[in-house]
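Visitor: Residue 623 in the numbering used here sits at position 606 of the sequence shown, with consecutive numbering throughout. Quick one: structure below, then a few questions.
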Amino acid sequence: MFNLLSALRKQRLWDFPGGIHPPEMKSQSSHVPLRSVPLPDKLIIPLKQHLGPEGELRVASGDKVLRGQPLTAGSGRTLPVHAPTSGTIAAITLHRTAHPSGLAELCVILLPDGKDQWVALKPLADFQHYSSAQLLSHIHESGIAGLGGAGFPTAAKLGSSEHGVEMLIINGAECEPYITADDRLMREHAHDIVTGMEILHHILRPRRLLLGIEDNKPAAIASLKDALCERPTGELCVIPTKYPSGSAKQLTKILTGKEVPMGQHSAAIGVVMLNVGTVYAIKRAVVDGEALTERVVTLTGEVLARPGNVWARLGTPVSHLLAHAGFVPAAEPTVIMGGPLMGFMLPALDVPVIKISNCLLAPSVQELAPAEPEQSCIRCSRCADACPASLLPQQLYWFCCGQEHDKARQHHLFDCIECGTCAYVCPSNIPLVHYYRQQKAEIRALDDDARRAAMAKARYEAKLARREREKRQRLARHQQAAVKLDNAAIARVKARRQAAQEAAVHPSQETLAPNSGGVQEISDNVMKPAARPTAPDGPLTPAPDKLSVEASGTLSPIASGNRDVNDIDPRKAAVAAAIARVKTRRQAAQESTVLSDRVDAAPDCNENTAVSDNVTTSVTAKPRPAGNAAGTMSPPPQGASTEITTRQKAEKSLSAVTKISSEED
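Rendered as structure tokens:
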């Protein structure tokens with residue numbers, strides 16, 4: 018029964034297609050314990066040491082900094098970079114960095130002061146009492162990125178996988194030849210790695226926690242077994258030695274039997290993977306409060322007199338590390354950053370060590386011979402048999418040579434892990450990985466151009482839409498304003514027409530009397546039109562008193578006799594009064610004309626009769642002289658001249674009042 022349970026508990030392993038077994042060449046550096054390297058004269062600290070954009074600078078030239086002090090700030094995939102030691106910022110300038118292209122990037126030049134003084138540390142030793150969000154924020158502020166791969170920000174990876182994690186895998190395979198940095202770290206700091214695993218287990222709460230390691234590291238396996246026996250945090254899984262078993266997708270297939278879908282990562286199937294160096298850095302950040310300022314770097318190769326693994330401060334020039342290992346540069350030194358299969362040759366030795374630098378290889382000519390001339394592909398299919406990603410390397414090679422970007426993408430070019438197995442087995446000495454990297458860079462550049470063009474098009478279309486919308490809004494505002502003006506004009510016309518209709522229906526004539534406020538009001542007494550005099554049968558009688566047109570207190574009839582007096586506009590009332598006075602004067606002039614005609618027609622005995630002197634407009638009838646013998650007419654009487662003058666004055670007054678009334682309207 019016990020044997021059956023033991024068999025069930027035994028970890029089952031799977032295999033991945035392809036793979037190779039190159040010479041390991043690890044014994045040159047694996048037997049030497051970890052050691053520290055003295056500080057260089059200056060540190061070159063690139064602002065971008067991870068997969069993502071660079072952070073925002075927080076220091077300037079001449080500033081004094083302490084070890085662990087943030088030099089940049091950022092959030093998300095933008096990690097901060099910290100000072101590797103205490104000193105003075107000498108400059109912030111462009112400098113060549115560790116990249117195959119040899120391009121210059123923005124770097125901080127730090128001059129150490131030799132004190133190596135830490136900034137105030139903020140450890141979270143009792144991490145069990147902190148939430149996952151607090152621990153992730155602390156890990157991010159410590160600047161921790163993946164130390165075994167492309168340098169993906171660790172906090173962002175853990176945050177995106179905080180829920181639904183089936184399995185957490187700690188990668189200790191370290192399958193590439195020559196590299197022994199993780200091997201020495203697991204040997205000497207196994208307990209710290211287990212503590213880091215406990216922190217990750219507290220953050221993610223995975224169902225299973227596995228630590229995968231190749232069987233060619235017996236000393237590291239023994240150290241981890243002892244640490245896990247004391248604190249059984251996870252399971253130790255020893256896997257067969259095969260390259261590239263340390264790749265994320267291949268190790269996931271070995272330990273779980275699941276294949277990661279093309280174009281996706283391990284998180285798509287509920288698996289999170291971290292390197293042992295990253296786990297150790299998490300322990301130092303959380304428990305000790307130390308930011309990521311150094312890492313283990315393997316110095317190896319037959320040219321070096323003292324190979325081994327060293328603690329190198331980030332930003333240390335490669336030349337300083339090689340000099341510490343006894344490197345004697347030749348006329349054209351060959352130094353590879355990384356392993357012989359996945360690494361790249363450095364364009365110069367003044368480039369700095371960054372977070373993802375795990376090895377410096379300085380081989381001799383016999384150890385690593387120069388590449389032979391490239392020949393034509395013979396379609397042998399060895400590359401396809403060795404590819405661990407089940408791709409068609411020879412077909413991708415033809416697509417890359419023909420610049421057929423779409424076909425290369427359709428044949429899953431971006432699923433290539435650039436492990437170098439295809440180039441290692443190629444009998445034609447074709448650097449296939451070089452072609453794949455170049456093709457990927459070109460496709461990314463085209464995608465960036467297309468994305469920028471799409472963004473520019475979207476901005477232009479949004480601009481046109483905004484202009485059209487503003488144009489419609491202006492037109493609508495103008496139309497609304499015109500409608501308001503038209504409505505106001507129509508309302509005024511209707512008001513005048515209604516007032517005229519009311520005046521025609523209800524004619525009246527009222528007297529204006531000043532009220533208490535000094536404004537004239539219309540009296541209730543309506544002026545009656547004067548009675549036209551009739552010709553008497555007998556002698557001519559005097560005219561009635563006050564026949565004048567300036568009779569006090571009288572106005573012409575006004576409209577709206579039934580309306581309230583207070584509702585009438587004083588100005589319009591004054592105009593109506595003036596019109597009434599003019600009409601009264603005209604009527605008086607007409608009556609005086611009639612009276613004069615009657616006086617002229619009276620007998621001679623009445624020629625001394627005259628109109629009373631009290632009348633304002635005097636109409637005097639004098640006796641008409643007799644005609645002469647020749648029958649000539651006598652000159653016009655004086656009353657006729659007065660009649661003409663009065664009529665002209667009345668007409669002028671009426672025209673003036675009519676003009677004033679039209680202006681008021």
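Heads up, the beta-carbon is just placed ideally off N, CA and C, and yes, glycines get one too. Because the structure is a prediction, the values reported are computed rather than measured.
For the alpha helix (DSSP H) that His689 lies in, which residues bound it at each end?
Guide: Here the chain has residues from 18 to 682 only, and residue 689 is not among them.
Visitor: Could you give the residue range of the alpha helix (DSSP H) that holds Gly176?
Guide: Thr171 to Ser177
Visitor: So what does DSSP say about Ala107, is it helix, strand or coil?
Guide: strand
Visitor: On the DSSP letters alone, give me the boundaries of the beta strand (DSSP E) that Gly189 sits inside.
Guide: Met184 to Gly189
Visitor: Only counting runs of 3 or more residues, tell me where the beta strand (DSSP E) segments fall wholly within the region 354 to 417, in order along the chain.
Guide: 376 to 378
Visitor: Checking the sheet assignment: what are the DSSP bridge partners for Thr330?
Guide: The question names Thr, but residue 330 is Arg in the sequence shown. Its beta-bridge partners are Glu311.
Visitor: Starting from Cys254, trace the beta strand (DSSP E) in both directions and tell me its first and last residue.
Guide: Glu252 to Ile256
Visitor: Using the C-alpha atoms, what's the distance from Val510 back to Leu502?
Guide: 12 angstroms
Visitor: Thinking just about the alpha-carbon of each residue, which of Met184, Gly165, Ile186 and Ile216 is nearest to the one in Glu193?
Guide: The closest CA to that of Glu193, considering only Met184, Gly165, Ile186 and Ile216, is found on Gly165.
Visitor: Based on the DSSP secondary-structure assignment, which residues constitute the bridge partners of Ser53?
Guide: Trp328
Visitor: Can the beta-carbon of Leu272 be found less than 7 angstroms from the beta-carbon of Cys254?
Guide: The criterion of a C-beta distance shorter than 7 angstroms is satisfied by Leu272 and Cys254.
Visitor: Using a Cβ-Cβ cut-off of 7 angstroms (strictly less than) and excluding sequence neighbours within five positions of Ser374, which residues of its own chain qualify?
Guide: Ala115, Val314 and Met354
Visitor: Spatial neighbours of Gln267 within its chain, please: C-beta separation below 7 angstroms, excluding the five flanking residues on both sides.
Guide: Phe33, Pro261 and Pro405
Visitor: May I have the straight-line CA-CA distance separating Gly325 from Pro57, to the nearest angstrom?
Guide: 19 angstroms
Visitor: Taking C-beta to C-beta, are Gln14 and Ser103 nearer than 7 angstroms?
Guide: This structure cannot settle anything about residue 14, because the visible part of the chain is limited to 18 through 682.
Visitor: Could you name the residues of the same chain whose beta carbon sits closer than 6 angstroms to that of Arg225, not counting the 5 residues immediately before and after it, in chain order?
Guide: Met184
Visitor: Is it buried or exposed, Met362, if we count other Cβ atoms within 10 angstroms and call 16 or more buried?
Guide: exposed
Visitor: Report the partner residues of Met290 according to the DSSP bridge assignment.
Guide: Ile186
Visitor: When we look at the beta-carbon of Phe144 and count the other beta-carbons within 10 Å, is it buried (16 or more) or exposed?
Guide: buried
Visitor: With DSSP run on the structure shown, which of helix, strand or coil describes Val500?
Guide: helix
Visitor: Closest by CA to Thr197, which one among Pro278, Gln45 and Gln455?
Guide: Cα-wise, what sits closest to Thr197 is Gln45.
Visitor: Can you look up Val599 in the DSSP assignment and give me helix, strand or coil?
Guide: helix
Visitor: Tell me whether the beta-carbon of Gly294 lies closer than 7 angstroms to the beta-carbon of Ile256.
Guide: no
Visitor: Could you check if Val155 is buried or exposed, using at least 16 other CB atoms within 10 Å of its CB as the buried criterion?
Guide: Note that residue 155 is His in the sequence shown, not Val. Buried, because 16 or more other Cβ atoms sit within 10 Å of the Cβ of His155.
Visitor: Of all the CB atoms in chain C, is at least one closer than 7 angstroms to the CB of Leu463?
Guide: This model lacks chain C altogether; it includes just one protein chain.
Visitor: Which of helix, strand or coil does DSSP assign to Ala530?
Guide: Its pLDDT being 44, under 50, Ala530 is placed unreliably by the model, and nothing is read from it.
Visitor: Which of the three DSSP states, helix, strand or coil, is assigned to Val136?
Guide: The three-state secondary structure of Val136, taken from DSSP, is coil.
Visitor: In terms of residue numbering, what span does the beta strand (DSSP E) encompassing Ile161 cover?
Guide: Per DSSP, Ile161 belongs to no beta strand (DSSP E) and is neither H nor E.
Visitor: Less than 7 angstroms between the C-beta atoms of Gln411 and Cys436, yes or no?
Guide: no
Visitor: Is Glu349 helix, strand or coil by DSSP?
Guide: Glu349: coil per DSSP, three-state reduction.
Visitor: Considering Arg225, what are the terminal residues of the alpha helix (DSSP H) in which it resides?
Guide: Unbroken run through Arg225 is the beta strand (DSSP E), Arg225 to Glu231; no alpha helix (DSSP H).
Visitor: Can you tell me which of the three DSSP states Arg248 falls into?
Guide: Arg248 carries a coil assignment under DSSP once its states are collapsed to helix, strand and coil.
Visitor: Looking only at C-alpha atoms, which of Lys65, Leu68 and Pro444 sits nearest to Ala388?
Guide: Pro444
Visitor: What's the call for Thr558, buried or exposed, on a 16-neighbour Cβ count within 10 Å?
Guide: Unreliable positioning characterises Thr558 in this predicted model, as indicated by a pLDDT of 42, which lies under 50. The coordinate reading is nonetheless provided below. With fewer than 16 other Cβ atoms within 10 Å, it is exposed.
Visitor: Helix, strand or coil: which one does DSSP assign to Ile434?
Guide: In the structure shown, Ile434 sits in coil (DSSP, three-state: anything other than H, G, I, E or B).
Visitor: Return the CA-CA distance between Glu122 and Ile216, expressed in angstroms with no decimal places.
Guide: Answer to the nearest angstrom: the Cα atoms are 35 angstroms apart.
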